[in-house]
Amino acid sequence: MIYTVDVAPNFAVRAGYLLCSMASASCYYSWELNDIVYKLMRKDVDTLNRRNLSGLGMELLHEAAFGTSDSGCGLGYSLISPVDRIGSHLIDQINEYHSRAFVGEKCVLGIVHSRADVDGIDILKQVKSSINLNPPHLEASSDNHGFVGGEIRRDLIAASTVYAYLAWPSRGFWPVCDLIVCALNGSSNRIHHGGNASKSLLARTAIEGDIDTEAVAFHKVYSDHGLFGIAVAGSCPKTVGSRIKRIISVLRSANFTEENLKQAKQILRADLMFRYENPFHSLVDISTNLLSPTNQSVKPIEVVASVNKTDLKSFNDAINKIVTSNHAAFSLVGPNLGSIEPLHVLLKE
Numbered sequence: 000m001i002y003t004v005d006v007a008p009n010f011a012v013r014a015g016y017l018l019c020s021m022a023s024a025s026c027y028y029s030w031e032l033n034d035i036v037y038k039l040m041r042k043d044v045d046t047l048n049r050r051n052l053s054g055l056g057m058e059l060l061h062e063a064a065f066g067t068s069d070s071g072c073g074l075g076y077s078l079i080s081p082v083d084r085i086g087s088h089l090i091d092q093i094n095e096y097h098s099r100a101f102v103g104e105k106c107v108l109g110i111v112h113s114r115a116d117v118d119g120i121d122i123l124k125q126v127k128s129s130i131n132l133n134p135p136h137l138e139a140s141s142d143n144h145g146f147v148g149g150e151i152r153r154d155l156i157a158a159s160t161v162y163a164y165l166a167w168p169s170r171g172f173w174p175v176c177d178l179i180v181c182a183l184n185g186s187s188n189r190i191h192h193g194g195n196a197s198k199s200l201l202a203r204t205a206i207e208g209d210i211d212t213e214a215v216a217f218h219k220v221y222s223d224h225g226l227f228g229i230a231v232a233g234s235c236p237k238t239v240g241s242r243i244k245r246i247i248s249v250l251r252s253a254n255f256t257e258e259n260l261k262q263a264k265q266i267l268r269a270d271l272m273f274r275y276e277n278p279f280h281s282l283v284d285i286s287t288n289l290l291s292p293t294n295q296s297v298k299p300i301e302v303v304a305s306v307n308k309t310d311l312k313s314f315n316d317a318i319n320k321i322v323t324s325n326h327a328a329f330s331l332v333g334p335n336l337g338s339i340e341p342l343h344v345l346l347k348e
């Protein structure tokens, strides 16, 4: 099966990551895909889609953040498709898209294996020889797609959990944002019963009654832009909404210490080390970098060097500059979303 994602030029890294994840995932239907022939498969896919509401929420966050354009959007024209567009393309439209999209400069092949007697280059050559790539296609130039901001809600009555994503725009390569994420999350989601998980800034925003609500910070990095934000999930919409408000308030008054910065640096350096010891992660990283302009490829050693020279003032200034802005994106997926206040209300001082 071959998948393509049509995106604006500066979304090539995101498109590559999505394609690599899709091609190597154990579950093909972790995104919204409907088969118009096999009724039973359609039912199975719908069931699986409902289980992956967190993924849907993140994709809708990108649509809220970057909108759509004729040249593509944060989602591409593929993963989260309106129901009325599924299966509506004519064969001529499909062939036209294939002729301009399935070309050499948009194709990356990679292989990970542990057998010393197998030459990966030979396998790649065999695969390449069996793929009928089209000749280069002269694309019409289009502008980079910037941050738009806004709010998207997908109310699903049958869902049991509410997923909320709030994000602000950030620069592309900006390790300070990754440090902030590490400082906010602490050892949460990394080490079971981690010593500082309950002491992290986000954990301290929980109050009595929030026991079933989880919050985590994230940073999505692309070639010339990024998203810094928080994700909150819980069974009660009202509880999720109130925790988001508390997190915003805490972030806007945050004043990290030297100890916080030291711990964040340790966590981020460990993360980088573990990621690049993972062959699959390295393959995805190399593949997505190949889809970017050559001067956009960032080596791990460059990230570590930037992390090491970050001082406390630039650290605190960075988070203050990001979260005090009212220019943000917000996505919600789940039941009874009317009890969660709109984005402009949440961001009010």
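In numbering that gives the first Met the number 0, the protein residues as written are 0 to 348. Backbone N, C-alpha and C fix where the C-beta goes; we use that ideal spot for every residue, glycine too. A quick note: this is a predicted structure, and the numbers were derived from the prediction, not measured.
Please confirm whether residue i and residue j have their CB atoms less than 8 Å apart.
| i | j | result |
| --- | --- | --- |
| LEU260 | PHE314 | yes |
| VAL306 | LEU178 | yes |
| LYS303 | ARG268 | It is Val, not Lys, that sits at residue 303 in the sequence shown. Contact flag set, yes. |
| VAL249 | LEU200 | yes |
| SER234 | ASP211 | yes |
| LEU342 | ALA327 | yes |
| ILE339 | VAL180 | no |
| GLY185 | ALA205 | no |
| PHE217 | TRP167 | no |
| ILE318 | ALA253 | yes |
Can you list, in chain order, the residues of its chain whose CB lies under 7 Å from that of residue i, leaving out five sequence neighbours each side?
| i | result |
| --- | --- |
| LEU350 | This structure cannot speak to residue 350, because the chain is shown only from 0 to 348. |
| SER330 | GLY56, LEU59, LEU60, ALA63, ILE151 and TYR164 |
| GLY119 | ILE110 and HIS112 |
| PRO81 | For PRO81, the predicted structure reports a pLDDT of 43, less than 50, and the residue's modelled location is therefore unreliable. A value from the coordinates is still provided. Excluding residues within five positions, none has a Cβ falling inside 7 Å. |
| LEU123 | LEU108 and ILE110 |
| ILE349 | The structure shown does not extend to residue 349, since the chain is modelled only from 0 to 348, so the question has no answer here. |
| GLY149 | ALA63 and ALA328 |
| GLU301 | none |
| VAL126 | LEU108 |
Can you name the start and end residues of the beta strand (DSSP E) that residue i belongs to?
| i | result |
| --- | --- |
| ASP154 | 149-154 |
| SER330 | 328-333 |
Comparing alpha-carbon positions, which option in the options lies nearest residue i?
| i | options | result |
| --- | --- | --- |
| VAL175 | THR238, THR309, VAL344 and ALA304 | THR309 |
| ARG99 | LEU226, LEU342, GLY149 and LEU137 | LEU137 |
| VAL220 | GLU257, VAL117, VAL147 and ASP284 | ASP284 |
| PRO299 | ASN184, HIS97, VAL126 and MET272 | MET272 |
| LYS320 | THR256, ARG251 and HIS280 | ARG251 |
| HIS97 | LYS127, ASP121, ALA115 and PRO134 | PRO134 |
| ASP316 | GLY149, ASP121 and PHE255 | PHE255 |
| ILE183 | ASP121, ASP91 and ILE229 | What sits at residue 183 in the sequence shown is Leu, not Ile. When each option's Cα is compared against that of LEU183, the closest is ILE229. |
| LEU52 | ALA115, VAL332 and LEU336 | VAL332 |
In the DSSP assignment, the alpha helix (DSSP H) including residue i goes from what residue to what residue?
| i | result |
| --- | --- |
| TYR221 | Premise fails: TYR221 is in no alpha helix (DSSP H) and is neither H nor E. |
| LEU165 | Run containing LEU165: none in the alpha helix (DSSP H); it sits in the beta strand (DSSP E), 161-169. |
| HIS343 | 342-345 |
| ARG274 | 257-275 |
| SER252 | Unbroken run through SER252: none, as it is neither H nor E. |
| LEU60 | 52-65 |
| LEU311 | 311-322 |
| VAL175 | 174-184 |
| VAL303 | 299-307 |
Quick one: what's got a C-beta closer than 8 Å to residue i's C-beta in the same chain, skipping five residues either side?
| i | result |
| --- | --- |
| PRO334 | ASP154, LEU155, ILE156, ALA157, ALA158, SER159, VAL161 and PRO236 |
| ILE247 | LEU165, VAL322, LEU345 and LEU346 |
| GLU95 | none |
| GLU257 | LEU311 |
| ARG84 | Unreliable positioning characterises ARG84 in this predicted model, as indicated by a pLDDT of 42, which lies under 50. The coordinate reading is nonetheless provided below. So no residue of the chain qualifies. |
Going by beta carbon distance, what residues of the same chain come within less than 6 Å of residue i, once the five residues before and after it are set aside?
| i | result |
| --- | --- |
| HIS224 | GLY171 |
| ASN325 | LEU346 |
| SER281 | TYR275 |
| LEU289 | VAL107 |
| ILE266 | CYS181 |
| ARG114 | none |
| GLU213 | ALA232 |
Kindly identify the DSSP beta-bridge partner or partners of residue i.
| i | result |
| --- | --- |
| VAL102 | ASN133 |
| PHE361 | This structure does not reach residue 361, given that the chain is present from 0 up to 348, and the question cannot be answered. |
| ALA232 | TYR162 and GLU213 |
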